[in-house]
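Participant: Chains as they are written, first to last, in my numbering: chain S, 1 to 481; chain V, 1001 to 1142. Idealized CB from N, CA, C, for every residue including glycine. Just so you know, these numbers come straight off a predicted model, no measurement behind them. Below you will find the structure I want to go over with you.
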Amino acid sequence: MNTLPVGDCVWEIPPSEKPGMLVPARIYASEALLSRMDAGVFEQVTNVACLPGIVRAALCMPDGHWGYGFPIGGVAAFRADDGVISPGGIGFDINCGMRLLRTSLTEPEVRPKLRELVDSLFAAVPSGVGATGLVHLSDAEFREVMCQGARWCVKHGYGWADDLDATEGGGCLPGADPERVSQRAVARGRDQLGTLGSGNHYLEIQVVPPGGIHDARVARACGIEAPGQIMIMLHCGSRGFGHQIGTDYLRKFDQSMSAYGIRVRDRELACAPFRSEEGQAYFAAMNAAANTAFANRQVITHRVREVMGQIFGRDPRELGLSVVYDVCHNTAKLERHVIAGESIELVVHRKGATRSFGPGAADLPAAYASIGQPVIIGGSMETGSALLVGTAHAMEETFGSTAHGAGRAMSRAQAKRLVRGDALMRALEERGILVRAASRSGVAEEAALAYKDLDEVVDVVDRLDIARKVASLRPIGNIKG
Amino acid sequence: MGRHTVLEAIAVADCAIEIEGDDLDDLFATAAGAVAELMVNPITVPLAVERRVTLAAPALDLLLFDWLSELIYLKDSEQLVFPQARVRVRPDSPCRLQACLSGGVIDRERTELRADPKAVTLHQLTVEPLARGWRARVVIDI
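Structure (C-alpha cells):
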C-alpha cells in the first residue's frame, strides 16, 4: 500500500489507495517502527477510513499492530450527528486501561520483602482463566456498579475519595444504562470484580531507575520524587462483563447495519449510526462496562493497599499509596474537537490508544490542569513502562490521543516456540524481577521479544509531541494471569 | 477426525485458528476442542460435568460464532471448561446446533491454565465446504 511520508514520523495513505476511503489513513511511527508493523495495520486503518461520518483521518499510533476491526493503536472520530459507533473500534475489553500508584517506599526498603509482597499480591488479586473476585454482589449492587463505577467502590470502603479525582472521568462515565445490558453479561461479570484476567494484563511493582526522571517538575506533580522510588502499576479492564457486551452488540450490529445501508470491509467493523436506537443502546451498555472496569481497578487498588499495609506494618496512607492516574485505552467517548475552525461533537474511538489531553483541557483534575493529563504506557515485564503527560498538540493532531504500549511484534504462538515460561521466570529472577503467574505459557507469550522497543515508541510520541516524557519505570515484581 | 492449526501470521496479539472437519458435526466439535485447549491443558480437566446446548443462527459462520461464544460464556459464568463435545449441526434455515458437552470445573490446584479468551471475533470468520469435509477460520480475542 502506498504509504507516503508527510512529516517527521508521520505517514499517510491517500484515499485513492482503496475504494470507499472517505479520508486518508495516517500512521505515526519512526521508519524502524513502521517497518515492524504487520500488513494488518495498513489494511485495517484504511478499512476504518471507509466508515460513515469519519472526520479528518483514520489514525494509527506508533505501537500499532494487527487487531480485529480497527488495528490496535487505532483512533478515529465520527461526527455524532451522522457518524457511527463500532464495537470493533473499542475492543471487547471495554475500558481496558492503566492505573499507576505512587508510594513513599524506596527500593532498598522493598527488596528484602519483595518475595513476600509478590506472593501476597498474587494471592490477593485473582488472575487467570476462571478466576472470580472477592467482592460478591447482588444483581442490584452490580447495577449500581454499572452506573457509579469507582464511586461505588469508594462509597463502600474500597478506596479513598481522592482516588476518584485521579481517575479519567472521575471513575464514572455518564450515560450508563443497565437496561441495555444482557443477563448473560451480568452472569459473566458479576463475580469478577477485583480480578486481573490474563494475556497482557498485569499488576506490577516498579522502581524509578537512575536517570529515569525526564521532567522533574511534572514528575513531582505526579508524586514522583527521585530514582529508587517504588510505584505500582495495573493493567486490566472490564473482564467478562465488557467482553459479553462487546459480543452481544457486535452480533446485533452485524445483522442490523444493512437496514441503515452501511457496508463495511471487515465484519468486525459492524456498526450503527451513533444517534440510532441501536447505537445509543450500545453506547449506554459500553459506558456500563467502562464503569465496571474503573471499579475493577479500584478494588484491586484496595487489595494492594491492604497487602502493602500488612507487609510493611504501616497504614497505606503513611506508605503514600495514592493514585497518580487511571486512564482508559479502549473506549468511545463523546468529545468536542475543533475541525476546520469549528468545534464539533465527535464520537472518538480509541482502541489500544490512550487519551492524551493537554494542559487546560476539560476533565482534568486541578492537580494536572496546568501540566496535562498523565498518560501511562505499559511495556513488557522485562523492559518496563513509562509515564508521560498529554499535550496541546495531541488535541490538534490526534483528537487528544497517543500510544498505549510497546505494541506486539510477534504472535503468541511464535513467542511460545522461542521461550519457555518457567525458564523466562528463572532468568528474570536472576535479574531481580520476581514473576508470579497463573499460566506458565502466558508468561512465555508476554516475553519482551514479542514486543517492539518501548523506548522507541515513547521517544516517537515525545518527538511528535502527542505526549511528553515524564519518567521511566522498571519492573521488580510482576503478577500475571 | 478433525484437526486445528494456529495461524501465526494473523492478528498477532490474538489467536487465529483454522479448523478442518470430516463433516459439519466434526468441524464444530473440533472447534470446541480447540477453544478448550486454548484455555487449559485438557487432560488436567476431569470429565465430571455434562451440559446440553441448543443454538440456532441465520448462517453457519454465525452458528460457529455463537457456539464458541457459548463456551467462553460458560468459562466465565460457571468456571466450566469442556474438552469434549458431541455435536449435531443442521445447515437449514436457520442453521441449528445440538450438542452434549463433557468437561468440568476449572480447579486452580489441578487444572493447567493457559489463556483466558475474551470473545470470538467476526474478523476473517469463515466456514466453507471442501472437496471432502469442511474448513473454518476464527480469530479469538485473548
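(1) Does the Cβ of LEU485 of chain S have 16 or more other Cβ atoms within 10 Å, making it buried, or fewer, making it exposed?
(2) Taking the CB atoms as reference points, tell me whether ALA29 of chain S and PRO62 of chain S lie closer together than 9 Å.
(3) Residue range of the alpha helix (DSSP H) that THR247 of chain S falls in?
(4) From this set, S:VAL470, S:ARG426, S:ASP465 and S:VAL347, which residue's C-alpha is nearest LEU388 of chain S's C-alpha?
(5) Do SER401 of chain S and ALA392 of chain S have their beta-carbon atoms positioned less than 9 Å apart in this structure?
(6) Kindly list, in the order they appear in chain V, the residues whose Cβ is closer than 8 Å to that of MET410 of chain S.
(7) Taking any Cβ of chain V, which residues in the region 178-198 of chain S have a Cβ under 8 Å from it, in chain order?
(8) If ASP1116 of chain V and VAL129 of chain S are in contact, beta carbons under 8 Å, what's the gap, nearest whole angstrom?
(9) Just grab the DSSP bridge partners of SER120 of chain S for me.
(10) Verify whether the separation of the beta carbon atoms of MET146 of chain S and ALA289 of chain S is less than 9 Å.
(11) What residue ranges within the region 139-202 of chain S form continuous alpha helix (DSSP H) runs of no fewer than 4 residues, ordered along the chain?
(12) Report yes or no: do three or more beta-carbon pairs, one from the region 191-204 of chain S and one from the region 229-238 of chain S, lie closer than 8 Å?
(13) Nearest chain S C-beta to ARG1114 of chain V closer than 9 Å, yes or no?
(14) Consider the Cβ of ALA1009 of chain V: report whether some Cβ of chain S lies at a distance smaller than 9 Å.
(15) Which residues in chain V have a C-beta closer than 7 Å to the C-beta of ASP38 of chain S? List them in chain order.
(16) How about SER182 of chain S and ASP248 of chain S: are their beta carbons less than 9 Å apart?
(17) Once you ignore the five residues that flank LEU1068 of chain V on each side, which residues in its own chain have a CB closer than 8 Å to its CB?
(18) Beta-carbon within less than 6 Å of GLY149 of chain S's beta-carbon, same chain only, minus the 5 sequence neighbours each way: which residues are those?
(19) To the nearest angstrom, how far is it from the Cα of ARG508 of chain S to the Cα of GLY169 of chain S?
(20) In chain order, which alpha helix (DSSP H) runs of at least 4 residues are fully inside the region 430-462 of chain S?
(21) Based on Cα-Cα distance, which residue from S:GLY360, S:PRO365 and S:LEU269 lies nearest to TYR325 of chain S?
(22) Just to make sure I have the definition right: I need the residues of chain S whose C-beta is within less than 7 Å of the C-beta of LEU1122 of chain V. Which are they?
(23) Check for me: the alpha helix (DSSP H) holding TYR1073 of chain V runs from which residue to which?
(24) Using C-beta distances below 7 Å, list every residue in its chain close to VAL1045 of chain V, excluding the 5 sequence neighbours before and after it, in chain order.
(25) Strictly below 9 Å CB to CB, what residues from chain V border ALA438 of chain S?
(26) With 16 other CB atoms within 10 Å as the buried threshold, where does SER411 of chain S fall?
(27) State the DSSP-derived secondary structure class of LYS18 of chain S, mapped to helix, strand or coil.
Facilitator: Short version:
(1) Nothing can be reported for residue 485 of chain S: it is not among the residues displayed for chain S, which extend from 1 to 481.
(2) yes
(3) 239-256
(4) S:VAL470
(5) no
(6) VAL1012
(7) ARG184, ALA187, ARG188, GLY189, GLN192, GLY197 and SER198
(8) 4 Å
(9) According to DSSP, SER120 of chain S bridges with nothing at all.
(10) yes
(11) 139-148, 150-155, 161-165 and 183-189
(12) yes
(13) yes
(14) yes
(15) VAL1012
(16) yes
(17) ALA1031, ALA1032, VAL1035, VAL1120, VAL1138 and ILE1140
(18) GLY171, CYS172, ASN291, PHE294 and ALA295
(19) Residue 508 of chain S is absent from the model: chain S starts at 1 and stops at 481.
(20) 440-445
(21) S:PRO365
(22) LEU250, ASP254, ARG267, GLU268 and ALA270
(23) 1060-1077
(24) VAL1081, PRO1083, GLY1103, GLY1104 and THR1111
(25) ARG1108, LEU1113 and ASP1116
(26) buried
(27) coil
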